[in-house]
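Participant: Shown below is the structure under consideration.
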Amino acid sequence: MTVRDPASARSTPRYGEGREALLAAAVHVVATTGLRNLTYRAVAREAQVTHGLVAHHFGTRDALIKAALQFSVENSVTSISTRPGTGDVTAIFAGLIQMVEDHPDDQAFQYELILESRRRPELRPQVEALYQTYRTALRTELAHGGIHCDEAMAHMFIAAADGLIFQQLILGHSDFNAAALEHLRRLFEMIRDQG
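The following block contains the structure:
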């Protein structure tokens, strides 16, 4: 007779964990099968719940997408700095490589949504909000370090990080990313020292 671990035997989330489990399931469904395959049934299957529960929590597919995007951004935005609020330039983007390795579905979900927004303009405001969240977090962290960063500069640095994340997600190459991120941090230091 085998003894099963009660935690692993449980097929449904505990009370209070349901919404987060549904969001994680939605992110995973989109990351692995694309945004067009995001249905209540697919999310329910992934989360091992009934599709009625998904509908109950979110009401519409668009509300599910919006909530899942917010969930994935919250998982990702912390990678802006490993020491948030300190302004430590060496900590900026230091967690980026690990974040991609730990949460690849969050990144794939975001890229799926970004690409789908070309075909569905109604998603564009959510994509703009995604990038604004990243730019604001970077500007805030740089300000803590005494570095003035306008929107254009934040856009440049986030675009560079975005490209590195995309390449790591698709190709691997975390070693190249580590070297590239070191160059970005040197740019931050040069800007700080000149300002």
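Position one of the sequence shown corresponds to residue 733 (this note's numbering), numbered consecutively onward.
For glycine and all other residues, C-beta sits at the position ideal for the given N, C-alpha and C.
1) At a Cβ threshold of 7 angstroms, is residue 767 touching chain C?
2) Taking the runs of the alpha helix (DSSP H) that are 4 residues or longer, which of them lie wholly in the stretch 851-916?
3) Smallest Cα separation from residue 814: which of 850, 783, 874, 787?
4) Let me confirm a value: residue 908 is counted as buried when at least 16 other C-beta atoms fall within 10 Å, else exposed. Which label applies?
5) If we count the other Cβ atoms within 10 Å of its Cβ and call it buried at 16 or more, is residue 896 buried or exposed?
6) Strictly by DSSP, which residues pair up with residue 813?
7) Note down, in chain order, each residue of its chain lying with its Cβ closer than 6 angstroms to the Cβ of residue 750, except the 5 sequence neighbours on either side.
8) Would the beta-carbon of residue 819 fall within 7 angstroms of that of residue 877?
9) So what's residue 919 in DSSP terms, helix, strand or just coil?
10) Considering only residues of the same chain and omitting the five flanking positions on each side of residue 738, which have a CB-CB separation below 7 angstroms?
11) Please report the distance separating the alpha-carbon of residue 848 from that of residue 855.
12) Between 922, 822, 812, which lies nearest to residue 892 when the distance is taken from Cα to Cα?
13) To the nearest angstrom, how far is it from the Cα of residue 844 to the Cα of residue 803?
14) Express the C-alpha separation of residue 886 and residue 922 in angstroms, rounding to a whole number.
Facilitator: A quick look at the data gives this:
1) The question asks about chain C, but that chain is absent: this structure has only one protein chain.
2) 856-876, 883-903
3) Here residue 814 refers to the residue found at position 82 when the sequence shown is read from its first residue. Looking at 850, 783, 874, 787, the one whose alpha-carbon comes closest to that of residue 814 is 874.
4) Taking the sequence shown and counting its residues from 1, the one referred to as residue 908 is at position 176. With fewer than 16 Cβ atoms within 10 Å of its Cβ, residue 908 is classed as exposed.
5) For the purposes of this step, residue 896 is taken as the residue at position 164 of the sequence shown. Result: buried.
6) Counting from one through the sequence shown, the residue named residue 813 turns up at place 81. DSSP, once it has assigned bridges, lists 824 as partnering residue 813.
7) For the purposes of this step, residue 750 is taken as the residue at position 18 of the sequence shown. There are no such residues.
8) Position 87 of the sequence shown, counted from the first residue, corresponds to residue 819. Position 145 of the sequence shown, counted from the first residue, corresponds to residue 877. Yes, the Cβ-Cβ distance between residue 819 and residue 877 is below 7 angstroms.
9) Looking up residue 919 in the sequence shown gives position 187. Three-state DSSP puts residue 919 in a helix.
10) What you label residue 738 is simply residue 6 of the sequence shown in a count that begins at 1. Confidence in residue 738 is poor, its pLDDT being 43 and thus under 50, which makes the residue's placement unreliable; the coordinate value appears in the next sentence. None.
11) Counting from 1 along the sequence shown, the entry for residue 848 is found at position 116. Counting from 1 along the sequence shown, the entry for residue 855 is found at position 123. One alpha carbon belongs to residue 848, the other to residue 855, and they sit about 8 angstroms apart.
12) By one-based count along the sequence shown, residue 892 stands at place 160. Comparing Cα positions, the closest option is 812.
13) In the sequence shown, the residue the question calls residue 844 occupies position 112. In the sequence shown, the residue the question calls residue 803 occupies position 71. Answer to the nearest angstrom: the Cα atoms are 15 angstroms apart.
14) If you number the sequence shown from 1, residue 922 lands on position 190. If you number the sequence shown from 1, residue 886 lands on position 154. When rounded, the distance between both Cα atoms is 15 angstroms.
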